[in-house]
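Protein sequence lines, in the order shown, are assigned to chains Z and U. So the first sequence is residues 0 to 254, counted in numbering that gives the first Met the number 0. So the second sequence is residues 0 to 367, counted in numbering that gives the first Met the number 0. No residue lacks a Cβ here, since even glycine has one placed at the ideal position from N, Cα and C. Nothing here was measured: the structure is a model prediction, and the numbers come from that model.
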Amino acid sequence: MRYPELLYGRGDPKTIAVSKIPLDLKDSSNIDIDNVEIFYTLYELKMSIAEAILPASLHPSIPALFSITFLSGEHETTGPFNLAYIGIACRTGIKPRHLIIKSFCDNDVALKLFATRYGFNPSLAEVSCRETYDRVNGRICHEDRIVADISIGNCIPLVGSGGVVKYSPALNACALDSQTKLVQFEANYEFKTVIRGEPSDQVFDSKELGHEGLNTHYPVAGTYAVTNINLLPARFQVDLVNPAETGGASKITKT
Amino acid sequence: MKFGLFYELSTPRPFTTENQRMVIENAIEQTVLADQLGFSSVWCVEHHFLEEYSHSSCPDMFLTAVARETKDIRVCFGIGTCVPAMHSPIRWAEKAAYLDMLSNGRVEFGTGRSSTWNELGGFEANVDDTKKSWDEYCRVIPKMWTQERFSYEGNYFSMPERCILPKPVQQPHPPMWVAVTAPGTELDAADRGMGALILSISDVERNVPRIQEYREHIKKCEPVGEFINDQVAIANWMYCHEDSEHAKQKGNELIGTFGYMAGQTVEISEAYPANSYKALGLLGSLRQDPNAPGDKKNPPASGLCFGDPATIIKTIKLWEDAGADQIIFMVQAREHLPQEEVLKSMRLFANEVMPHFNEDKTPMKASA
């Protein structure tokens with residue numbers, strides 16, 4: 000049974016990009032990566048656009064929002080890597096999530112790691128994240144063209160117990176048990192430093208970033224954090240049609 | 000121990016005229032019954048843009064309607080938002096005094112600052128300054144009520160000399176309160192000599208040290224008003240039924256409905272991390288995600304008033320021992336319960352529970 004009075008996505012599940020790299024759920028280890036830089040900007044979005052993108056199992060956030068995340072780190076198995084992804088804020092039941100509609104990575108090995116563990120579907124691209132004396136800048140260059148060049152300025156430090164960012168877990172469309180499912184990115188964060196600033200963009204190619212309806216007219220805020228990350232194995236899957244309220248979200252059973 | 004009602008005016012989709020009117024009319028009917036049954040207060044929130052969760056954008060208007068339908072029950076802002084992008088403090092002083100006239104001296108004025116991006120972002124408010132503007136509002140509003148003419152030059156509000164009218168009926172002025180959700184805000188209330196309206200719906204045990212610290216701090220306060228309001232009110236849920244298990248089941252349904260609605264909002268800490276919003280607000284605490292790494296599962300709150308009269312009496316005794324002066328109940332969520340069931344629960348509570356407590360109907364003003 001659905002609850003017809005609630006807001007649901009109305010996106011066509013067939014249009015959601017599905018990772019071609021199969022999930023590998025055999026690896027149940029945690030991965031610790033220290034001193035990861037996370038540059039995260041959040042923007043308001045027209046509700047009609049969010050509804051058009053999200054599948055029927057997800058509720059758009061109110062107000063509708065989308066995020067751009069740059070995650071830069073280095074691990075012994077991957078070497079240095081930069082991952083960037085664009086997400087539409089949503090809910091499964093009451094739980095805030097971001098449906099990832101596009102992602103980019105500059106490292107083949109890391110790309111495969113995030114694809115096989117969490118269903119990311121990154122395009123190989125030049126991705127960078129830099130903190131300078133007066134701003135933080137994230138840039139994505141795909142097929143020799145800059146598709147995103149985003150900064151935050153007028154930054155202030157967030158201190159004490161305020162020095163955290165609540166990232167909603169990402170959901171990625173991928174093949175699981177011969178069906179397309181949304182699989183959740185699982186991570187714990189141990190924040191070292193966090194600054195918050197005002198987002199601005201020099202380049203924002205909405206089409207290349209996942210949907211022509213995205214725009215940066217109403218930025219909410221941007222943060223840059225240095226954090227230790229503990230990556231856990233994927234634990235949850237969400238159906239594309241059946242919402243969490245009616246059993247559409249469940250723990251992944253490893254066979 | 001006093002008892003009151005607390006209204007969010009949560010409204011089921013679709014937002015038809017019928018649904019919106021039903022919520023308001025049912026709530027007013029409940030307050031009229033509450034007045035007859037001997038409840039002490041009606042509190043009404045101010046929220047904006049919180050679809051389903053709260054359609055109470057104009058608490059002054061709701062409370063005015065209640066005041067004109069009732070005789071004794073106190074009409075309480077729970078709270079008025081003290082953010083310049085939303086309201087001038089002049090307007091709050093005027094509205095509260097006007098309602099004090101219309102209710103013949105039954106107003107309590109709660110203050111707060113909002114905790115959602117839906118609201119602060121919608122008004123393009125400066126999120127970093129809400130605590131500071133709240134502090135300034137708390138200090139000027141009582142002076143607007145008590146001084147014949149008032150002028151002020153501050154950081155978030157200034158005005159040339161004017162006579163702010165009307166003046167309230169209650170002398171020297173209506174009691175002042177602070178909405179307390181984040182840990183530590185009870186001390187902000189105490190330091191200013193204001194009542195603590197504790198909205199974090201939780202266990203009794205968790206609130207005992209908060210209430211104790213409040214009591215200690217308020218002894219040394221510098222009151223923002225002309226008197227100290229040293230009252231602690233606890234927001235809570237209530238559903239009273241002869242069958243305790245049935246009551247608990249219905250109560251859990253109410254909480255589930257309420258939490259689901261809260262889940263539709265975007266907390267400040269999710270959207271706009273800020274030093275001034277270090278802890279989750281009420282809505283955020285209701286939407287903690289048991290499946291997200293880092294989020295903790297909450298045990299069921301021990302202080303909820305769901306059950307038969309004997310069960311509820313025991314629970315209220317716990318709150319009384321903890322030092323609460325008043326419990327204000329939410330009795331409905333998104334019209335989940337039929338109106339007749341809500342009224343029946345209130346009658347049973349008034350007949351079987353309230354006589355066990357020393358219901359004090361005097362105004363909440365504590366000490367001059």
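- For A188 of chain U and K1 of chain U, the gap between their C-alpha atoms comes out near 20 Å.
- The alpha helix (DSSP H) runs of length 4 or more contained entirely in the stretch 162-218 of chain U are, from start to end of the chain, 184-190, 203-217.
- Contact holds between the stretch 64-83 of chain U and the stretch 94-113 of chain U, because three or more Cβ pairs, one in each stretch, are under 8 Å apart.
- Put simply, the CB of Y271 of chain U is near chain Z, with a gap under 8 Å to one of its CB atoms.
- If the five residues before and after T145 of chain U are omitted, its C-beta is found closer than 7 Å to the C-beta atoms of P171, H172, E225, all from its own chain and listed in chain order.
- For P218 of chain Z against N117 of chain U, the beta-carbon gap comes to about 16 Å, at or over 8 Å, which does not count as contact.
- The secondary-structure analysis by DSSP pairs D200 of chain Z across a beta bridge with Z:I149.
- Under the 10 Å beta carbon count, I140 of chain U is surrounded by 16 or more other beta carbons and is classified as buried.
- Residue pairing by DSSP places L123 of chain Z opposite Z:C104 in a beta bridge.
- Residues of chain Z with a Cβ closer than 8 Å to the Cβ of V330 of chain U do not exist, since the nearest Cβ in that chain sits about 22 Å away.
- Boundaries of the beta strand (DSSP E) harbouring Y42 of chain Z: 30-43, taken from the DSSP string.
- For L5 of chain Z, the C-beta contacts it makes with chain U under 8 Å involve R12, in order along the chain.
- The criterion of a C-beta distance shorter than 8 Å is not satisfied by S167 of chain Z and H216 of chain Z.
- The C-beta of F14 of chain U has fewer than 16 other C-beta atoms within 10 Å across all chains shown, which makes the residue exposed.
- As DSSP reads the structure, L170 of chain Z sits in a beta bridge with Z:L98, Z:Q183.
- In this structure the stretch 237-252 of chain Z does not touch the stretch 304-313 of chain U; the number of beta carbon pairs closer than 8 Å is below three.
- Judged by beta-carbon spacing, T192 of chain Z lies within the 8 Å limit of V225 of chain Z, meaning their Cβ atoms are closer than that value.
- Residue contact check for W133 of chain U against chain Z: no CB pair falls below 8 Å.
- Runs of the beta strand (DSSP E) lying entirely within the stretch 93-153 of chain U and spanning at least 3 residues, in chain order: 106-111, 149-152.
- What A220 of chain Z touches in chain U, judged by beta-carbon distance under 8 Å, is A270, Y271, P272, going in chain order.
- With distances taken between CA atoms, T180 of chain U lies nearest to U:L196 out of U:L196, U:P167, U:Q169.
- If you ignore the 5 residues before and after N229 of chain Z, its C-beta comes within less than 7 Å of the C-beta of N29, D31, A186, N187, all in its own chain and listed in chain order.
- Only residues of its own chain outside the window of five on either side were considered, and among them E185 have a CB closer than 6 Å to the CB of R209 of chain U, listed in chain order.
- Residue contact with chain U for P198 of chain Z: absent (no Cβ-Cβ distance below 8 Å to any residue of chain U).
- DSSP places E241 of chain U outside both helix and strand once states are collapsed to three, so it counts as coil.
- For chain Z, the residues of the stretch 105-123 of chain U that bring a beta carbon within less than 9 Å of one of its beta carbons are W116, N117, G120, G121, in chain order.
- Z:Y223 is the residue among Z:V146, Z:Y223, Z:S160, Z:I87 whose C-alpha sits nearest the C-alpha of C154 of chain Z.
- Our two residues, L8 of chain U and T63 of chain U, have alpha carbons roughly 15 Å apart in a direct line.
- Following the DSSP letters along the chain, one finds Q331 of chain U in no alpha helix (DSSP H), marked with neither H nor E.
- Residue pairing by DSSP places L64 of chain Z opposite Z:E43 in a beta bridge.
- Distance from the CA of D202 of chain U to the CA of A321 of chain U, rounded to the nearest whole angstrom, comes to 11 Å.
- In terms of Cβ geometry, V135 of chain Z and F38 of chain Z form a close pair [threshold 8 Å].
- Under the three-state reduction of DSSP, L253 of chain U is assigned to helix.
- Closest in alpha carbon position to L49 of chain U, among Z:T40, Z:Q201, Z:F113, Z:S60, is Z:S60.
- With a minimum length of 3 residues, the unbroken runs of beta strand (DSSP E) contained wholly in the stretch 27-73 of chain U fall at 40-43.
- Around the beta carbon of V74 of chain U, a 10 Å sphere encloses 16 or more other beta carbons of the protein chains shown; the residue is thus reported as buried.
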